[in-house]
Amino acid sequence: FSLTTSSRIQRPTLSSSTPSLHATMMKIATIAALVGTATAFAPSAPNMAASTTALNAEMSKSLPFLTNPKNTDGLIGSVGFDPLGWSDMWDIKWLQEAEIKHGRVSMLATVGFVTSQFITLPMFADLQCDDSNAVPSAIGMSGMMQIIAFAGAEEWRTNKGKITMADMFEDPDRVPGDLGWATERLDGKTEEEVNRLKLQEIKNGRLAMLAIGGMIHHNFVTGVPLL
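Following this note's numbering, the numbering of the sequence shown begins with 14 at its first residue and continues without gaps.
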């Protein structure tokens, strides 16, 4: 069979504007999809404010990238600093006692570290050391053990034999750091004044812990006396 020209199947032809129209439609569809996705993740204005408030309430004041340790809330000197989560694992009163005592020892240590460089008691004249880091070696093992034994005995006495985490705070009225020493100085003071004094002790103790560490490492690294 033969087909005449008029009977041949005519194929539709695409105009030059068709590709441009197709690209435009694809862009519109893509933008619409992106807008829909963004809208799905955008909270409403009231919910956003509530979520932000809740998030800020749960973050630590001193370490805003960590959650606030709830067991430290309300403690004198607390700024929510507990990056290792110890307050969730151990008795918070025990931790308070440890911080206060370490602070007190460090305050004495900073004074002693500097004083021993310039002042030597007569009975220790042959133990004079320009570098305070060398004092333990000059005293010797027996002298250091006497210091440790005395400190242990004093710890036992002031806590009436209850020196472990399990029994130190069996008495619910036992206040961390309160050894009953010089309490008469607080007589007649308001609660606010007493708390201010406690805060001063804690902050000075924290500073002293950093200071004695810096003093020791200064002498160790430089090899020369502190002053």
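All C-beta atoms in this analysis are idealised placements derived from N, C-alpha and C, irrespective of residue type, glycine included. These numbers were taken from a predicted model, which means no experiment stands behind them.
Residues bridged to residue i [DSSP beta-bridge criterion]
| i | result |
| --- | --- |
| Thr-80 | Met-72 |
For residue j and residue i, the rounded distance between their alpha carbons
| i | j | result |
| --- | --- | --- |
| His-231 | Ser-129 | 16 angstroms |
| Ala-221 | His-115 | 9 angstroms |
| Phe-182 | Gly-93 | 23 angstroms |
| Ile-160 | Ser-100 | 31 angstroms |
| Ile-152 | Gln-109 | 32 angstroms |
| Met-199 | Lys-173 | The residue asked about is misnamed: residue 199 is Leu in this sequence, not Met. Their Cα atoms are separated by approximately 23 angstroms. |
| Glu-204 | Gly-190 | 17 angstroms |
| Leu-121 | Asp-184 | 29 angstroms |
| Gly-98 | Glu-168 | 27 angstroms |
| Trp-194 | Thr-171 | 10 angstroms |
| Thr-85 | Glu-71 | 13 angstroms |
| Ala-138 | Ile-113 | 33 angstroms |
| Glu-197 | Glu-206 | 14 angstroms |
| Asp-180 | Leu-240 | 44 angstroms |
| Ile-132 | Ser-73 | 45 angstroms |
| Gly-165 | Val-234 | 31 angstroms |
Neighbour-count burial assignment, residue i, 16 or more Cβ in a 10 Å radius
| i | result |
| --- | --- |
| Asp-95 | buried |
| Ala-55 | Any reading at Ala-55 needs caution, since the residue's pLDDT is 44, under 50, leaving its predicted position unreliable; the model's value is listed next. Result: exposed. |
| Phe-163 | exposed |
| Gly-218 | buried |
| Ser-155 | exposed |
| Val-237 | exposed |
| Phe-126 | buried |
| Pro-82 | buried |
| Ile-215 | buried |
| Ser-19 | For Ser-19, the pLDDT reaches just 43, beneath the cut-off of 50, and the residue's location in the model is therefore unreliable, leaving the point undetermined. |
Spatial neighbours of residue i in its chain, beta-carbon cut-off 8 angstroms, leaving aside the 5 residues before and after
| i | result |
| --- | --- |
| Met-279 | What the structure shows of the chain is the stretch from 14 to 240, and residue 279 is not part of that stretch, so it cannot be assessed. |
| Thr-123 | Ala-221, Ala-224, Ile-225, Met-228 |
| Met-157 | Pro-149 |
| Ile-176 | Glu-168, Trp-169 |
| Pro-135 | none |
| Ile-140 | A small fix is needed here, since residue 140 is Leu in this sequence, not Ile. Only Thr-133, Val-148, Ala-151, Ile-152 meet the Cβ criterion. |
Cutoff 7 angstroms; reference residue i; Cβ partners in own chain excluding five residues on either side
| i | result |
| --- | --- |
| Asp-144 | Asn-232, Pro-238 |
Close Cβ partners of residue i (< 6 angstroms) along its chain, the five nearest in sequence each way excluded
| i | result |
| --- | --- |
| Cys-142 | Val-148, Ala-151 |
Report yes or no: do the segment 211-221 and the segment 84-102 share at least 3 C-beta pairs separated by less than 8 angstroms? Result yes; three or more Cβ-Cβ pairs closer than 8 angstroms.
Quick test of the definition: if touching needs 3 or more C-beta pairs under 8 angstroms, does the segment 139-159 touch the segment 72-79? The segment 139-159, when compared against the segment 72-79, does not touch it at the 8 angstroms Cβ threshold.
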